[in-house]
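Under UniProt numbering, the first residue of the sequence shown carries the number 1, and numbering increases by one thereafter.
Virtual Cβ for every residue (Gly too), placed ideally from N, Cα, C.
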Amino acid sequence: METTKSDWVFVVKQADIPVAGARVIEGAAAGPIAIFRSLDDVVFAVLDKCPHKGGPLSQGIVHGHAVTCPLHAWNINLADGCALAPDTGCARPYTTRCESGDVFLSATELARD
């Protein structure tokens, strides 16, 4: 990963994230991060671990601004990482910044435990 000005880290080109899909990046203290791109071209990032049983959210089905975990069908809101009712729990969300087709994450968030 390459550090840019201020506190942001370049992680991927937006075009390299499939629409209604995800890419996984390494480098966070907490583990792999899933970078999602919704049908309306909004980019989200959450720890690639479902709060239920740790399933890989990056392999789930993206619908709207949520993803369905491939293991037990929990639905996770991509904006805040929290499970949709009736389920409870959250996957750690990361702040994204998109600029000129590049996706950045906060260096501070990547370093936290």
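Cβ neighbour criterion (16 or more within 10 Å) applied to residue i
i: residue 95; result: exposed
i: residue 100; result: exposed
i: residue 49; result: buried
i: residue 25; result: buried
i: residue 37; result: buried
i: residue 73; result: exposed
Minimum C-alpha distance to residue i - residue among the options
i: residue 18; options: 27, 43 and 6; result: 43
i: residue 6; options: 77, 66, 106 and 76; result: 106
i: residue 86; options: 62, 32 and 75; result: 75
i: residue 10; options: 27, 64, 70 and 20; result: 27
i: residue 13; options: 41, 29 and 31; result: 41
In chain order, each beta strand (DSSP E) run of at least 3 residues that lies wholly inside the UniProt domain "Rieske" (16-105) | Correct list: 21-25, 33-37, 43-47, 61-63, 66-68, 75-77 and 96-99.
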